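Asker:
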Amino acid sequence: MVLEIIFGGLNWIFGPILALDPMPNNPMLTIFLIATIIAFFTTLANKLLVDQDEMEASRTEMKEFQEKMKEAQMSGDAKALAKAQAMQKDVMAKQGDMMKNSFKPLLVTLIPIMLMFWWMGQPTNPINNVIVQLPEFVYYVLLVPVWHGVYGMFYGGGPSVPFIAGWLGWYIMCTFAMTQILRKFMGFKTGF
C-alpha cells in the first residue's frame with residue numbers, strides 16, 4: 033500500500049519526463065535527468081551536513097600523522113616512534129569523528145535513493161529496459177564485463193550482446209559524472 037503510493041508519486045513526477053524523452057522505448061535521457069537530480073540532492077546534503085573545512089583539516093592531519101609514523105618507523109628512532117604512537121589515539125578519535133560526519137548525508141539520502149532504484153527497476157517501468165551501447169574502450173575501462181558477471185551471479189544470466197550496459201550501469205555513469213561536476217560547482221575541495 034505504502035509502496036504503491038510512493039511509486040504513484042514517482043510516476044506522477046517522472047511520467048511527464050518519460051513521455052517527453054526522445055526515445056521512449058530506451059529512455060536514456062530520463063535516466064540522465066534522474067541521475068542529475070539525485071546527484072544534486074546528495075551533493076547538496078554533503079554540502080549542508082558536513083563541515084568541509086573540518087573534513088579537509090582532518091584529512092591533512094591524518095596525512096601528516098601517517099608521514100610522521102612512516103618516518104619514525106623507517107628511522108628506527110624509538111623516541112620518535114613512541115611519540116607517533118602516542119599521537120595515534122588522538123588521530124584515530126578524530127578520524128572516527130570524520131567518519132561519523134561523512135555518514136550524515138547517507139542517512140538522509142539512503143531511503144529516497146533506494147525507493148528510486150526500486151521504482152526504476154520495476155518490470156513495468158520503461159527505464160528497466162534501457163540498453164546503452166558503449167564504445168569498446170569505455171566498456172572495458174569501466175569494467176562492465178565484471179559488473180555483468182556479478183549481476184549474472186545474483187540474478188541469472190546477463191546481457192549477451194557485447195558492449196552494452198543496462199539502466200543501472202547508465203545511471204551509475206551519469207551519477208558519477210554529474211556528482212563530480214556539481215562538487216566542483218558547489219566549491220568542494222575534493223573532486224576533479
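Quick note on numbering: my numbering labels position 61 of the sequence shown as 93, and the sequence is numbered without any gaps.
All C-beta atoms, glycine included, are put in the ideal place defined by N, C-alpha and C.
Predicted model only: the values in this text are computed from it and were never measured.
Skipping 5 residues on each side, what residues in its chain have a beta carbon closer than 6 Å to that of G47?
Answerer: Contacts found: none.
Asker: For a test of the three-state rule: what should DSSP assign to Q105, helix, strand or coil?
Answerer: Three-state result, Q105: helix.
Asker: What residue range is occupied by the uninterrupted alpha helix (DSSP H) comprising F169?
Answerer: F169 -> alpha helix (DSSP H) spans 168-173.
Asker: How many whole angstroms separate the CB atoms of T207 and A67, which I take to be in contact at a CB cut-off of 8 Å?
Answerer: Right, their Cβ atoms sit about 4 Å apart.
Asker: When burial is assigned at 16 or more other CB atoms within 10 Å of the CB, is M131 buried or exposed?
Answerer: Per the 10 Å Cβ criterion, exposed.
Asker: From the DSSP output, in three-state form, read off I163 for me.
Answerer: Correct three-state label for I163: coil.
Asker: For S90, which residues of its own chain have a beta-carbon under 6 Å away from its beta-carbon, when the five flanking residues on both sides are left out?
Answerer: Same-chain partners within the cutoff: K126, M130.
Asker: According to DSSP, I196 sits in a beta bridge with which residue or residues?
Answerer: Its beta-bridge partners are Q165.
Asker: Run through DSSP, which three-state label would V82 get?
Answerer: In this structure, V82 counts as coil in the three-state DSSP scheme.
Asker: Check whether the Cβ atoms of K79 and M218 lie closer than 8 Å to each other.
Answerer: Their beta carbons are under 8 Å apart, which means K79 touches M218 by this criterion.
Asker: So is W202 buried or exposed if we call it buried at 16+ other beta carbons inside 10 Å?
Answerer: Buried, since its Cβ has 16 or more Cβ neighbours within 10 Å.
Asker: Is F224 helix, strand or coil when you go by DSSP?
Answerer: At F224 the pLDDT is 48, less than 50, meaning the model places this residue with poor confidence and gives no usable figure here.
Asker: Ordered along the chain, which non-local residues of its own chain (more than five positions away) have a Cβ less than 7 Å from that of M119?
Answerer: F97, listed in sequence order.
Asker: Is the shortest distance between the beta-carbon of Q165 and the beta-carbons of chain D less than 8 Å?
Answerer: Of the protein chains in the structure, only one exists, and it is not chain D.
Asker: Closest to I38 by CA distance: which of W151, V173, M210, K216 is it?
Answerer: Nearest of W151, V173, M210, K216 to I38, Cα basis: W151.
Asker: I need the boundaries of the alpha helix (DSSP H) containing P144, first residue and last residue.
Answerer: Element bounds for P144: 110-152.
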